[in-house]
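Reading the sequence shown from the start, the letters are residues 1 to 317 in UniProt numbering. Okay, so here's the structure we're looking at.
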Amino acid sequence: MHQLWFSPLLAAALVGTASDKREAQPIAPEPSDVQSETLALDRDAHSRLTVPVSIAGAGPYDFMIDTGAQATVVTREISEQLQFPPLGTARLIGMASTRPVELVEIDELQMGSRKIYNLAAPVLEREHVGADGIIGLDSLQDLRVIIDFRKDMIEVVDTSTLKNSNRGYEIIVSGRRHDKQLIISDAVLDGVRTTVVIDTGAQASLGNMALKEKLRMRQRQDVITQDVHGVSAEGEASLVKRLVLQRIALTNVPVTFIDTPAFEAMGLDDKPVLWLGMQHLRMFRRVAIDFSSNEVLFDLPRGLETDWRSRRYNTGL
1 MHQLWFSPLL
11 AAALVGTASD
21 KREAQPIAPE
31 PSDVQSETLA
41 LDRDAHSRLT
51 VPVSIAGAGP
61 YDFMIDTGAQ
71 ATVVTREISE
81 QLQFPPLGTA
91 RLIGMASTRP
101 VELVEIDELQ
111 MGSRKIYNLA
121 APVLEREHVG
131 ADGIIGLDSL
141 QDLRVIIDFR
151 KDMIEVVDTS
161 TLKNSNRGYE
171 IIVSGRRHDK
181 QLIISDAVLD
191 GVRTTVVIDT
201 GAQASLGNMA
211 LKEKLRMRQR
221 QDVITQDVHG
231 VSAEGEASLV
241 KRLVLQRIAL
251 TNVPVTFIDT
261 PAFEAMGLDD
271 KPVLWLGMQH
281 LRMFRRVAID
291 FSSNEVLFDL
301 PRGLETDWRS
311 RRYNTGL
């Protein structure tokens with residue numbers, strides 16, 4: 001039986017305050033000679049990103065872009081409507097639970113002009129996913145996903161065609177691959193060296209138990225979260241004073257700490273790990289996640305690039 005893991009915190013929401021201080025670099029426009037596909041974004045109830053997708057000529061359907069999910073997912077409603085052939089079962093590891101799920105074969109999935117073939121997709125209930133399906137890492141390899149929060153647009157770029165593609169991004173953070181997942185291993189959270197996973201499928205940011213033990217947080221608030229199976233789990237929310245990603249520094253960062261089987265499945269349960277969710281990615285004008293070069297690129301909000309020492313950016317969260 002296959003084993004798959006998904007965004008640990010797919011349905012949690014936190015309220016807090018965050019700000020950042022950044023070192024500036026000149027801004028230049030995005031080059032126009034890049035072959036890419038631009039798609040209009042929609043937002044679900046938790047401010048995650050959905051894009052229109054066609055399956056075998058049917059649709060469009062609203063799929064969520066989830067860089068924290070190992071596999072592309074389809075909901076039961078769509079699976080029954082299109083009568084996908086069965087492929088057996090898989091163990092799907094969510095934030096709170098591990099359960100067997102059906103696997104179906106998707107011959108062709110189209111996102112803009114890009115077609116992806118022969119996907120083995122888990123079937124989940126729409127009420128737990130919050131969309132018609134999920135675009136996971138199996139559909140994003142060797143591509144750059146550019147999320148433009150100013151325009152509510154997303155670009156899926158073929159990295160083999162990129163020229164001068166880093167223009168316009170003030171901060172470029174190098175990462176490495178871990179089981180298809182792009183992770184940043186040199187982040188520092190309140191003085192604790194921390195591995196960071198960029199997760200567009202999660203609203204809030206999630207820390208594991210190893211991180212909680214290192215930080216020794218005193219002030220905590222109980223929260224309840226729900227995973228892709230609809231199973232609830234209790235966690236603890238705290239404000240972390242400072243998160244540093246190379247030259248990006250975020251302050252007063254709300255983090256939920258929870259003991260989830262997803263960290264163990266990825267082999268990341270024994271060291272401090274933070275899943276950085278949409279709550280903090282939305283602070284930037286653009287974020288590009290490049291699975292070809294193993295880089296995450298950040299376009300800073302205007303007004304911060306010239307006077308970063310004396311300014312703070314308040315998200316109002």
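Note that CB positions come from ideal geometry on N, CA and C, so glycine has one too. Being a predicted model, the structure only gives us computed values, none of them experimental.
N-terminal and C-terminal residue of the alpha helix (DSSP H) that residue i is part of
i      : result
Ser79  : Arg76 to Leu82
Val129 : Arg126 to Val129
Pro52  : First-last for Pro52: Leu49 to Ile55, but that is the beta strand (DSSP E), not the alpha helix (DSSP H).
Leu281 : Met278 to Leu281
Ala210 : Met209 to Leu215
Phe263 : Pro261 to Ala265
CB contact flag (residue i, residue j, <8 Å)
i      : j      : result
Leu206 : Trp275 : yes
Val184 : Val296 : Note that residue 184 corresponds to Ile in the displayed sequence, not to Val. Closer than 8 Å, so yes.
Arg76  : Val123 : yes
Met278 : Gln203 : yes
Gly94  : Val231 : yes
Met266 : Asp179 : yes
Thr72  : Gly133 : yes
Separation of residue j from residue i, as counted between CA atoms
i      : j      : result
Arg286 : Ile171 : 11 Å
Arg167 : Asp299 : 10 Å
Pro52  : Met64  : 9 Å
Leu87  : Val104 : 5 Å
Asp142 : Asp158 : 7 Å
Asp62  : Val74  : 10 Å
Val240 : Tyr169 : 26 Å
Leu135 : Gly235 : In the sequence on display, residue 135 carries Ile and not Leu. Roughly 27 Å separates the two Cα atoms.
Gly191 : Asp107 : 48 Å
Leu215 : Ser292 : 33 Å
Ser238 : Leu250 : 15 Å
Lys21  : Glu155 : Caution applies to Lys21, whose pLDDT of 34 falls short of 50 and renders its modelled position unreliable; the value that the coordinates give is listed next. If I take the Cα positions, the gap works out to 27 Å.
Leu119 : Arg176 : 25 Å
Val255 : Ile55  : 36 Å
Ala40  : Leu137 : Caution is warranted here: a pLDDT of 44 is assigned to Ala40, below 50, making its placement in the model unreliable, and no coordinate value can be reported.
Pro301 : Pro100 : 43 Å
Thr260 : Ala121 : 23 Å
Val228 : Gln70  : 13 Å
Gly57  : Val196 : 37 Å
Trp126 : Ser160 : Here residue 126 turns out to be Arg, not Trp, going by the sequence shown. Distance between the alpha carbons of Arg126 and Ser160: 35 Å.
Lys271 : Ala90  : 27 Å
Pro60  : Ile78  : 11 Å
Ser97  : Thr67  : 20 Å
Gly112 : Gln81  : 22 Å
Val129 : Leu92  : 13 Å
Lys151 : Gln83  : 36 Å
Met153 : Glu102 : 32 Å
Residues that residue i bridges to, as DSSP identifies them
i      : result
Leu119 : Ile106
Tyr61  : Val53
Leu245 : Ile248
Ala71  : Ala71 is not bridged to any residue.
Pro100 : Arg91
Glu234 : Ile224
Asp299 : Arg286
Pro254 : Leu239
Leu274 : Val196 and Gly207
Ser174 : Glu295
Beta-carbon contacts of residue i that lie in its chain and below 6 Å, excluding the five residues immediately before and after
i      : result
Lys212 : Phe257
Arg218 : none
Ala288 : Arg144, Ile146 and Leu297
Gln246 : Val173
Ile116 : Leu109 and Ser139
Asp290 : Arg144
Leu281 : Val287
Ala187 : Thr194, Val196 and Leu245
Sequence-distant residues of the same chain with beta carbon closer than 8 Å to residue i, five excluded per side
i      : result
Asp269 : Asn208, Met209, Ala210 and Phe263
Pro29  : Reliability of the predicted coordinates at Pro29 is poor, the pLDDT of 27 falling under 50, and no value is obtained from them.
Phe284 : Phe149, Phe298, Asp299, Leu300 and Pro301
Asn294 : Ser174, Gly175, Arg176, Arg177 and Leu182
N-terminal and C-terminal residue of the beta strand (DSSP E) that residue i is part of
i      : result
Gly88  : Pro86 to Ile93
Gly112 : No beta strand (DSSP E) contains Gly112, which DSSP labels as neither H nor E.
Gln181 : Gln181 to Leu189
Ala134 : One point to set straight first is that residue 134 is Ile, not Ala, in the sequence displayed. Ile134 -> beta strand (DSSP E) spans Gly133 to Ile135.
Asp148 : Leu143 to Asp148
Arg286 : Arg286 to Asp290
Thr195 : Val192 to Ile198
Ile139 : Just to set this straight, residue 139 is Ser in the shown sequence, not Ile. No beta strand (DSSP E) contains Ser139, which DSSP labels as neither H nor E.
Cβ-based neighbour list, residue i, same chain, cut-off 7 Å, excluding 5 preceding and 5 following
i      : result
Ala131 : Asp44, Thr50, Asp62, Phe63 and Met64
Thr85  : Here residue 85 is Pro; the residue named in the question, Thr, does not match the sequence. These residues qualify, in order along the chain: Val104 and Glu105.
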